[in-house]
Amino acid sequence: MQLKTKLLLSAVAVSSVLTSSAVLAQASEQFIGLPSYRVGAYAAGGSGIYGGWIDYMALVNERDGGVNGVKLTWEECETEYNNARGVECYERLKSKGASGNTVFQPLSTGITYSVLDKVAQDKIPMVTIGYGRTDASDGRVFPWVFPMLTNYWSQNTAKIKFIGAKEGGMDKLKGKKIVNIYHDSAYGKETIPLLDAQAKKYGFTVVHIPVSHPGNEQQSQWLRVRQEKPDWVILRGWGVMNPTAIKAAAKVGFPRDKMVGVWWSGAEEDTIPAGDAAKGFIAAGFNVAGANYPVVKAIQDNVYKKNKGNMEDKARIGSVYYNRGVVHGIITVEAIRTAQAKFGKGKVMNGEQMRWGFENLAIDSKRLKELGAEGFMPDLKVTCLDHEGSGKVKFQQWDGKQWKVLTDWIDADKELVRPMIEESAAKYAKEKNITPRDCSKEG
Amino acid sequence: MLYREAGQFKATYAADQQIFPIRQDRIGIQLLLALAFVAVPLFASEYWLKAIMVPFLVFSLAALGLNILTGYAGQLSLGSAAFMAVGAFASYNFMLRIDGMPLLVAFALGGLMAALVGIAFGLPSLRIKGFYLAVATLAAQFFIVWLLTKVGWFSNDSSSGVITAQEMVILGYRFDSPQAKYLLVLSIVAVMALMAKNMVRSSVGRAWMAVRDMDVAAEVIGIRIMYTKLLAFAVSSFYCGVAGALYAFAYLGTVEPEGFNLDLSFKILFMIIIGGVGSISGAFLGSAFIVLLPIFLDVLVQDVFAGLLSPSIASNMQLMVFGGLIIFFLIVEPHGLARLWQIAKEKLRLWPFPH
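So the protein lines, in turn, are chains A and P.
Heads up, this note's numbering is the position in the first sequence plus 680, with the first residue counted as 1.
Heads up, this note's numbering is the position in the second sequence plus 8, with the first residue counted as 1.
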């Protein structure tokens, strides 16, 4: 009996795999594979971001009838934020749809690394917005990877600029002390060399304090913070580490409005669990929170009123993660539009054409206004040389109920970041025997 | 009827001592090998080779390693993923730092490094047993991942701590097509599985099992406890190390220390529990269950139930079904899938006249 059920089960599974690979290829449909994660420790981020992204694509289909008549189709694949599963999803989604998967956005630095070589072989552009490999911003070495909007290093320089402005000028940073509380992982450590370089440049001292994963115990770290008496604390947190840090800060009496988090510390999911302690906490973000932007309203009018929305908890529409998903959607759709303008309107773009679309993507403030996303996300211009495209962030403060925008877009310190990116990319190129492209020959 | 062994006489010691004494088993395994070596690379699609078969084989190898330690020698370990990490990072560094290093030698050296680390972390097993030992091996898990993140040298000072495996070239042939990668992994796994099978049938394996069943009695009959236990740790870590190297070189290409976390160790432990503790085929069955079933469930949900269920329910449903199946199999057969196969075989021998 048991054997029979098992056989039956595997037979069903096998046959469904077979049928899925033989899905009918339909013309004039642009397929976008979504390696999403809706279970596990990071489900809050995954369901919010992929939900917002799907809703934006649904908006484009419902309101505009697709991109110049090309409907968007998508399929999710559950990665559980696991690298091996992510690779499986990449391979599974690769050959789906009319032209195969045309863009891969895994929302996980680990999966990004795992498919880094594969995307170049398979000619599928990979877009990593606000995570992933920082030095991939050098498009000469990484033609297929687009760490768009801003990377961790750029964001860190903007953060120091923000702190400088709060102190009343960059020269006032001299003699100040900043504590960098970081998640003790590759992700957390990435900004240490940059902070050290900035400390030297502006004359402040920086103390790095690691928190081991998952970070739900930070007593000793915050006692250390109390001993150090810093002027500011930078929180480079992840998941459960964020609310714990905020609560621990309240316990040792460190003012939360002197704490600045990265964008993975700045969502509702990071502050609400900390309760009142989170009031005043500041975080950087390349997108803002709020449902009162025209683009979010359009989604509610065109998608949710027709009951086609993706979010189960409608209260999350307009949250930081949801809006970040909308940003993913805008960038993806605008890249399709850009590619179509060159390779033929109303045609389905393949991976190579999409890559061109991403590389020549330019969304200025006028275009943002047309999209209903003015102030919602920074304007960007991607080039062959610079796959980051923007580098701007806004700072938001938690008022106890919601995130309030504190600043306008703050530019990164490109003079400091760019040489470090080029150096790191050149090292990678040497290790992998890649000859960097000559950008003057790209068109 | 098909499985009747009547009439098969063993006239020599060699015939009596072969791995598969029954002719039907021999034919079965030959068919299986022919299928794996010839039919699969000929007919399987790129997706099947790259995303299903290679990780299945790699995890089978890791489970095999843990099964030697836990299933045969009775030493519970939660550090398998860490030993995989040692194998992956060591192979990478051997390839990086020594010019003209042959790939297979780098894999073997990576395995040896893992074996050395395994011996070091196996030392507590001389004093402590059972769950306490599991906690001691947990230290290996955390320490090694921490060390690989902390010391930049291991990842060639990459700012993010990740390593990118070199191209796989053996005697000038580049293993870059999915078929070539699959065949390379399959060959290594097949040879190592054969070695494991022979090891557990020999005096070494018998010593392991004696220690597992009762170490005081084993000592009394003259088995050197220290040597036996540490050998089990070394061999097991060697297998895990090679699996880690294959995971990095043939499957992911780029790996980070965080990828070899406690979750992965648990996964490998579940593989041998589901597959069958103390059995070689159990490692393969368990790996198939843990690696492939979630993928099948996801495909099933995406294709059959797409649109019917909201996405987050669909995703959680897979986990629930998967968990339910684990419980189901453990209830009907606590000794794992390998035992189910064994029972089936015994019934087949009598079929169709069981009385």
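Ideal Cβ placement from N, Cα and C applies to all residues, glycine included.
Just so it is clear, the structure is predicted and the values come from calculations on it, not from any experiment.
Closest by C-alpha distance to residue 793 of chain A, out of P:83, P:140, P:183, P:265, is P:265. Of all alpha-carbon atoms in P:261, P:113, P:41, the one lying nearest the alpha-carbon of residue 801 of chain A is that of P:261. Among the bridge pairs identified by DSSP, residue 1077 of chain A is matched with A:962, A:1084.
Here residue 992 of chain A is exposed: its Cβ has fewer than 16 other Cβ atoms, across all protein chains shown, within 10 Å.
Assignment of beta-bridge partners to residue 806 of chain A by DSSP yields A:784, A:825.
Judged by DSSP in its simplified three-state form, residue 818 of chain A adopts strand. Put simply, of P:180, P:97, P:308, P:333 the residue whose alpha carbon is nearest the alpha carbon of residue 758 of chain A is P:308.
In the DSSP assignment, residue 862 of chain A falls within the unbroken beta strand (DSSP E) covering 857 to 863. Taking CB atoms only, residue 864 of chain A has a neighbour in chain P less than 9 Å away.
For the pair residue 836 of chain A and residue 914 of chain A, the CB atoms are nearer than the 9 Å cut-off.
The Cβ-Cβ distance between residue 1116 of chain A and residue 815 of chain A does not fall below 9 Å. Here residue 972 of chain A is exposed: its Cβ has fewer than 16 other Cβ atoms, across all protein chains shown, within 10 Å. Annotation: Cβ neighbours of residue 324 of chain P in chain A (cutoff 8 Å, chain order): 718, 719.
Listed along the chain, the chain A residues whose CB falls inside 8 Å of the CB of residue 327 of chain P are 719. Judged by DSSP secondary structure, residue 78 of chain P falls outside any beta strand (DSSP E); it is assigned neither H nor E.
The straight-line gap separating the alpha-carbon atoms of residue 778 of chain A and residue 1024 of chain A is approximately 16 Å. Separation of residue 173 of chain P and residue 190 of chain P (C-alpha to C-alpha, rounded to the nearest whole angstrom) is 16 Å. Secondary structure note for residue 139 of chain P: it is in no beta strand (DSSP E), and the uninterrupted alpha helix (DSSP H) holding it is 138 to 158. Using a C-beta cut-off of 8 Å, the region 46 to 60 of chain P makes no contact with the region 29 to 38 of chain P, since fewer than three inter-stretch Cβ pairs fall below that distance. Spatial neighbours of residue 776 of chain A in its own chain (CB-CB distance under 7 Å, excluding positions within 5 residues in sequence) are listed in chain order as 703, 711, 713, 755. Here the alpha carbon of residue 1066 of chain A sits roughly 27 Å from the alpha carbon of residue 1002 of chain A. The beta carbon of residue 986 of chain A sits closer than 8 Å to the beta carbons of 742 from its chain, once the five residues preceding and following it are set aside; these are given in chain order. When Cβ-Cβ separations below 9 Å define contact, residue 265 of chain P makes contact with chain A. At a beta-carbon threshold of 9 Å, the residues of chain A lying near residue 260 of chain P are 763, 764, 767, 793, 794, 795, ordered along the chain. The Cβ-Cβ distance between residue 813 of chain A and residue 168 of chain P falls below 9 Å.
Counting only residues of its own chain and dropping the five nearest sequence neighbours on each side, residue 1102 of chain A has a CB closer than 6 Å to the CB of 818. Leaving aside the five residues that flank residue 297 of chain P on each side, the residues in its chain whose CB is nearer than 6 Å to its CB run, in chain order, 282. For residue 893 of chain A, the nearest beta carbon of chain P is closer than 9 Å to its own beta carbon. Excluding the 5 residues flanking it on each side, residue 969 of chain A has same chain C-beta neighbours closer than 7 Å at 998, 999, 1000, 1003, 1076, 1082, 1083, in chain order.
In this structure, the alpha-carbon of residue 826 of chain A lies about 9 Å from that of residue 1035 of chain A. Partner residues in the beta bridge of residue 941 of chain A, as assigned by DSSP, are A:915, A:963.
With its beta carbon at least 9 Å from every one in chain P, residue 781 of chain A lies outside the interface. Taking 9 Å as the CB threshold, residue 820 of chain A stays off the interface with chain P. Distance from the CA atom of residue 715 of chain A to the CA atom of residue 784 of chain A, rounded to whole angstroms, is 8 Å. Here residue 804 of chain A is not near residue 1009 of chain A, since their CB atoms are 9 Å or more apart.
Of all residues in the region 973 to 1000 of chain A, those with a C-beta nearer than 8 Å to a C-beta of chain P are 990, 992, reading in chain order.
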